[in-house]
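Protein sequence lines correspond, in order, to chains H and P. When we follow our numbering, the leftmost residue of the first sequence carries the number 119, and every step to the right adds one. When we follow our numbering, the leftmost residue of the second sequence carries the number -2, and every step to the right adds one.
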Amino acid sequence: MSTMKVSVSPHVKDSTSTTTIMRDVLIALCPALVASALIFGARALLVTAVCVAVAVGSEWAYEKLVKKPSTTGDLSAAVTGVLLAFNLPVGIPLWQAAFGSITAVIVVKQLFGGIGQNFANPAITARIIMLLAFSSTMTAWVIPGAADAVSGATPLVILKGVEGGGTLPSLTQMFLGLRGGCLGETSAIALLLGGAYLLVRRVISWHTPVAFIGTVFLFTLAVGGNVQNSVYEILSGGLLIGAFFMATDYSTTPNTDWGRIIFGVGCGLITVLIRVWGSYPEGVSFSILLMNILTPYIAKATRKKPFGGVAA
Amino acid sequence: MFSKKLHGVHVPHRKNTAGLKPERLPVTPFVTIPMAMHIGAPAKPVVSVGDEVKVGQLIAEAGGFVSSPIYSGVSGKVKKIDNLLMSSGQFVPAVTIETDGLQAVLEGIVPPKAETLQEFGDAVRRSGVVGLGGAGFPTAVKLTVKELSAIEAVIINGAECEPYITSDTRTMIDDAELIWDGIALLQKYLQVKRIIIGIENNKPECLNIHRKKCVPGGGVEVKALPAMYPQGAEKVLIYNTIGRVVPEGKLPLDVGAVVLNCTTLAALARYMKTGMPLVEKCVTVDGSAVQTPKNVIAPIGTPVKALFDFCGGFKSEPQKVLYGGPMMGLALPDLDAPVLKNTNAVLAFNEKDAGLPKETNCIRCGRCVGACPFSLAPVDIETAFRQAKPEELEILKVNLCMECGCCAYVCPANRPLVQVNKLAKVMLRDYQAAQKAAAEMLKARDAKKEEKK
């Protein structure tokens, strides 16, 4: 008579779960959220709240509809919502933000099988779709500190020498985030704080961010030959949020150390190519999406040789 | 020092019983001794129902070359010989002895005479000693070496990397002399030039005791190893001590290494010294459901329930009981299971620790890839298995998996990765057998065609 529970070993488990990992990501995004509210005002919080609510709501509704167990508790939809909001200008109409969240969660994530199954980063893909669909509102940048809601150009636009540009913010302003841009991407210090937290908690590894940011730095240095400008490039656009929070997404990036380095280098190269020679001022989103597509191949090519394995 | 570091996981050690000297369990009314407590052919009983047996008496002889004899650890009368369902899922014959409590020792137990290597080998064969670290591989087979010069180093495994278990720790402390007697035997008969005692650095007392015994030029060294699971796995230990990689399909001896568990060596030395074969085991009794964790010495065949009773019973209802540690231990269906030769711990867990965490979707975080000591890709193996692609499993080398459990331990989605790997191995074996059979059939057909021409 069997009276005990039997199962295959191991019979112990460490304390991490999908929920704890996603919770850590949310915690890591908090400094940037605070910064966004300070820089762009309360509307930043409103946009974020709408994105999160719609992302979680659409995940819940979709899973209800197709009779799948609900996964809203793993907090991944909330993370997608925050990341999408952080990639939108603060003046975005709320219905457009909601549209973006629905696209991210239902089209990019759930239709491919839900968490872990999507090949493209939901927040990035939704942002790109919005950039194409709502190009005017998606590029209506608010310059913080200027008289109420004056639209202006982002530093990358100014760098590119597009007409109607303004004066470049100082490096200190860039570091603090006092510049035009998406609401969560501007404050370098807040993003670095969050990235450091993720590294300490071992939620992400250093490989992708270091490779990504390092490549952008070296490549722009090689092209421009000016260290200060290269630092400027790092602090501009969505590079930091992309390198720490988007290019480290699990299911859409390689799961080997070397794969992560290749992924980061690839992102860096494409970003600079677009920034310098492309017609868009910013290329972080496109670079990550393009590398997402290559991920299965990179992962396979960098798979480690089994210990003691003999070729068949 | 080495170009590559093997991965692993840091599991909480929980060596609660490390400081507790083993206590001897009073003899239980019955013992049930299964005939398969080792890798290889089951032993063949040589006693019949009604026979009187004494401590140290042979009750079953080896069933083949890869097998081991079994001796009684109690005195009493053979009550029955029937089939016992083992936790492997197989029925094996088992001898049940009703004890008389006298523990009368068989007359004529004297240290075996061994002048030559041949005689030493025979003595090892008669000792009934098998790999006591858990694997249960007959020691006599391991020490049967055609060319003694092939042995470059003997590694004595004192890593004991599984949580809770401290029976090897106690051997290294309480039976240090026996281990060194064993070392002398290896040097005398197998002419081993280099002996390494590998101990994890979370056991400073063991390291100290054995470091003190090392003399310059004595051919024995003690190596402190990082306390990282699975440090004590054979291939990991070989790599971390002598830097050799055991290739797929080869034995440690092929790279010049023999690995012996410290308790195995001590048991062997005890037999050579006293003539008393392996009849009892020191077992760590611990786990969240156990009242007073202890190290207990019990005759082989003792029901595990008696061990728990001896430790004050349960402080909460046990829901899961294990042979061995929580990383690789085997879950038992009930408390009647006997102590086996290779049982080094029995653990009982309460409801909280026994529950299986809910399985969720794989998030492809790659933690399993980063944790695998053998650089396998459990996430890819699981995908290949679920898609029933044995040809992929062949490339992914699932056959190399030692089922250490690191991947499942770190998985945030609680995927049953070890279970999948076990099943994937079977899928791969079936596939390879079918491939082979098909190839042979084609060959036979071609040969027939040739003949007709």
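Where is the CB? At the ideal position from N, CA and C, for every residue including glycine.
Go ahead and pull the three-state DSSP assignment for residue i.
i: Glu303 (chain H); result: coil
i: Arg320 (chain H); result: coil
i: Tyr451 (chain H); result: There is simply no residue 451 (chain H) to check, as chain H begins at 119 and stops at 430 in what is shown.
i: Gly343 (chain H); result: coil
i: Leu175 (chain P); result: helix
i: Ala111 (chain P); result: coil
i: Arg167 (chain P); result: helix
i: Ala91 (chain P); result: strand
i: Ala254 (chain P); result: strand
i: Gly105 (chain P); result: coil
i: Lys454 (chain P); result: Since the first and last residues shown for chain P are -2 and 450, residue 454 (chain P) lies out of range.
i: Tyr350 (chain H); result: helix
i: Asp266 (chain H); result: Here the model assigns Asp266 (chain H) a pLDDT of 49, short of 50, so the residue's position is not dependable, and the following value carries that caveat. DSSP places Asp266 (chain H) in coil when its eight states are reduced to three.
i: Val46 (chain P); result: coil
i: Leu222 (chain P); result: strand
i: Arg383 (chain P); result: helix
i: Thr221 (chain H); result: helix
i: Val142 (chain P); result: coil
i: Arg297 (chain H); result: coil
i: Ser369 (chain H); result: coil
i: Leu135 (chain P); result: Note on residue identity: the sequence assigns Pro, not Leu, to residue 135 (chain P). Note: Pro135 (chain P) maps to strand in three-state DSSP.
i: Thr134 (chain H); result: coil
i: Val121 (chain P); result: helix
i: Glu388 (chain P); result: helix
i: Lys12 (chain P); result: coil
i: Arg21 (chain P); result: strand
i: Glu96 (chain P); result: It is Thr, not Glu, that sits at residue 96 (chain P) in the sequence shown. DSSP places Thr96 (chain P) in strand when its eight states are reduced to three.
i: Val328 (chain H); result: helix
i: Glu277 (chain P); result: strand
i: Ile261 (chain H); result: coil
i: Lys186 (chain H); result: coil
i: Val390 (chain H); result: helix
Terminal residues of the continuous beta strand (DSSP E) containing residue i?
i: Tyr320 (chain P); result: 317 to 320
i: Asn80 (chain P); result: 73 to 82
i: Val478 (chain P); result: With chain P covering only -2 through 450, there is no way to say anything about residue 478 (chain P).
i: Phe27 (chain P); result: 27 to 31
i: Asn154 (chain P); result: 150 to 155
i: Glu197 (chain P); result: 192 to 197
i: Glu58 (chain P); result: 55 to 58
So the alpha helix (DSSP H) residue i belongs to, where does it begin and stop?
i: Lys182 (chain H); result: 160 to 183
i: Leu201 (chain H); result: 194 to 204
i: Glu231 (chain P); result: 231 to 239
i: Tyr268 (chain P); result: 259 to 271
i: Leu253 (chain H); result: Per the sequence shown, residue 253 (chain H) should be read as Ser rather than Leu. Ser253 (chain H) -> alpha helix (DSSP H) spans 253 to 256.
i: Cys158 (chain P); result: Careful: Cys158 (chain P) lies outside any alpha helix (DSSP H) and carries neither H nor E.
i: Arg208 (chain P); result: 201 to 210
Please tell me whether, using a cut-off of 8 Å, the distance from the CB of residue i to the nearest non-hydrogen atom of the ligand MN is below it.
i: Val280 (chain P); result: Summarising the ligand content, the structure contains no ligands, and the ligand MN is consequently not present.
Q: May I have a chain-ordered list of the beta strand (DSSP E) segments no shorter than 3 residues that lie completely inside the region 279 to 348 of chain P?
A: Qualifying beta strand (DSSP E) stretches, in chain order: 291 to 296, 317 to 320, 327 to 329, 342 to 346.
**Q.** Three-pair Cβ contact test at 8 Å for the region 387 to 402 of chain P versus the region 365 to 375 of chain P
**A.** Verdict: yes, contact present.
Q. Given a limit of 7 Å on CB to CB distance, which residues of the region 351 to 365 of chain P reach chain H?
A. Those would be Ala351, Leu353, Pro354, Thr357, Asn358, Cys359, Ile360, Arg361, Cys362, Gly363, in chain order.
Q. For the region 154 to 164 of chain P against the region 317 to 333 of chain P, are there 3 or more C-beta pairs whose distance is under 8 Å?
A. Yes, the region 154 to 164 of chain P is in contact with the region 317 to 333 of chain P.
Q) If you pair each beta-carbon of the region 171 to 179 of chain P with each one of the region 205 to 212 of chain P, do three or more pairs fall below 8 Å? A) Verdict: yes, contact present.
Q) Residue ranges of each alpha helix (DSSP H) run of no fewer than 4 residues wholly in the region 391 to 446 of chain P, ordered along the chain? A) Taking 4 residues as the shortest admissible run, the region 391 to 446 of chain P contains the following complete alpha helix (DSSP H) segments, listed from N- to C-terminal end: 403 to 407.
Q | Residues in the region 313 to 333 of chain H having any Cβ partner in chain P nearer than 7 Å | A | Of all residues in the region 313 to 333 of chain H, none comes within less than 7 Å of chain P when Cβ atoms are compared.
Q. Which residues, in chain order, does the region 307 to 319 of chain P contribute to contact with chain H at a C-beta distance below 9 Å?
A. Result list: Pro315, Gln316, Lys317, Val318, Leu319.
Q) Counting pairs of Cβ atoms below 8 Å between the region 238 to 252 of chain H and the region 397 to 410 of chain H, do you hit three or more? A) Contact between the region 238 to 252 of chain H and the region 397 to 410 of chain H is present, because at least three Cβ pairs lie under 8 Å.
Q.
Assess contact between the region 160 to 169 of chain P and the region 272 to 290 of chain P, defined as three or more Cβ pairs (one per stretch) separated by less than 8 Å. Is contact present?
A. Cβ pair count under 8 Å is three or more, so yes.
Q | Members of the region 215 to 226 of chain H that neighbour chain P once the beta carbon cut-off is set at 7 Å | A | The residues in question: there are none.
Q: Take every Cβ of the region 177 to 190 of chain H, pair it with every Cβ of the region 341 to 353 of chain H, and state whether three or more of those distances are shorter than 8 Å.
A: The answer is no - the region 341 to 353 of chain H does not touch the region 177 to 190 of chain H, with fewer than three Cβ pairs under 8 Å.
Q) Do the region 368 to 383 of chain H and the region 253 to 260 of chain H make contact, defined as three or more Cβ pairs closer than 8 Å? A) Verdict: no, contact absent.
Q | Three or more C-beta pairs below 8 Å linking the region 96 to 112 of chain P and the region 80 to 88 of chain P | A | Contact between the region 96 to 112 of chain P and the region 80 to 88 of chain P is absent, because fewer than three Cβ pairs lie under 8 Å.
**Q.** Interfacial residues, the region 241 to 261 of chain H to chain P, with Cβ spacing under 8 Å
**A.** So the list is empty, because no residue satisfies the distance condition.
Q | Touching by the beta-carbon criterion (3+ pairs, under 8 Å), the region 304 to 318 of chain P and the region 342 to 351 of chain P | A | Taking 8 Å as the limit for Cβ pairs, the verdict is that the region 342 to 351 of chain P does touch the region 304 to 318 of chain P.
Q. For the region 23 to 43 of chain P against the region 66 to 82 of chain P, are there 3 or more C-beta pairs whose distance is under 8 Å?
A. The region 66 to 82 of chain P and the region 23 to 43 of chain P touch, with three or more beta-carbon pairs separated by less than 8 Å.
**Q.** Cβ pair count under 8 Å reaching 3, the region 190 to 201 of chain P against the region 137 to 157 of chain P
**A.** With the rule of 3 Cβ pairs closer than 8 Å, the region 190 to 201 of chain P counts as touching the region 137 to 157 of chain P.
Q. Looking at chain P, which residues of the region 120 to 135 of chain H have a Cβ within less than 9 Å of any of its Cβ atoms?
A. Cβ proximity to chain P below 9 Å picks out Ser120, Thr121, Met122, Lys123, Val124, Ser125, Val126, Ser127, Pro128, His129, Val130, Lys131, Asp132, Thr134, Ser135 from the region 120 to 135 of chain H.
(Q) Is it the case that the region 178 to 187 of chain H contacts the region 323 to 343 of chain H, given that we only count it when at least three CB pairs across the two stretches are under 8 Å? (A) Look at the beta carbons and you see the region 323 to 343 of chain H not touching the region 178 to 187 of chain H: under three pairs across the two are nearer than 8 Å.
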